[in-house]
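Residue numbers (this note's numbering): 75 to 131.
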């Protein structure tokens with residue numbers, strides 16, 4: 075999936091929940107950071123969380 079994002083084959087990732095996105099916290103955070111840098115939108119259904127709507131303070 076990350077390879078597809080890096081080659082710009084994917085623009086949005088829709089996932090049932092954060093727990094389905096990765097195996098552990100470090101892996102999830104690393105993937106989220108990589109995808110954010112690539113401009114990929116990630117949506118987690120169960121948590122009603124859209125990473126595109128988050129703003130850093």
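Idealized CB from N, CA, C, for every residue including glycine.
None of these values were measured; they are calculated from a predicted model.
| Which whole-angstrom value is the C-beta distance of residue 79 and residue 114, which I expect to be below 8 Å? | For the purposes of this step, residue 79 is identified with residue 5 of the chain shown, where counting begins at 1. For the purposes of this step, residue 114 is identified with residue 40 of the chain shown, where counting begins at 1. Right, the Cβ-Cβ distance comes to about 5 Å (below 8 Å), so this counts as a contact.
| query | In the structure shown, what three-state DSSP assignment does residue 123 receive? | reply | Reading the chain shown from its first residue, position 49 is the one you call residue 123. Looking at residue 123 - three-state DSSP - the assignment turns out to be strand.
| task | Please list, in chain order, all residues of the same chain as residue 89 whose beta carbon is under 8 Å from its beta carbon, the five residues on each side excluded. | result | In the chain shown, residue 89 corresponds to position 15, counting from 1. The answer, listed in chain order, is 95, 116, 117, 118, 119.
| Going straight from the alpha carbon of residue 121 to that of residue 105, what length do you get? | Counting from one through the chain shown, the residue named residue 121 turns up at place 47. Counting from one through the chain shown, the residue named residue 105 turns up at place 31. When rounded, the distance between both Cα atoms is 18 Å.
| message | Using beta carbons (cut-off 9 Å, strictly below), is residue 114 in contact with chain D? | response | In the structure shown, chain D cannot be found, because there is only a single protein chain.
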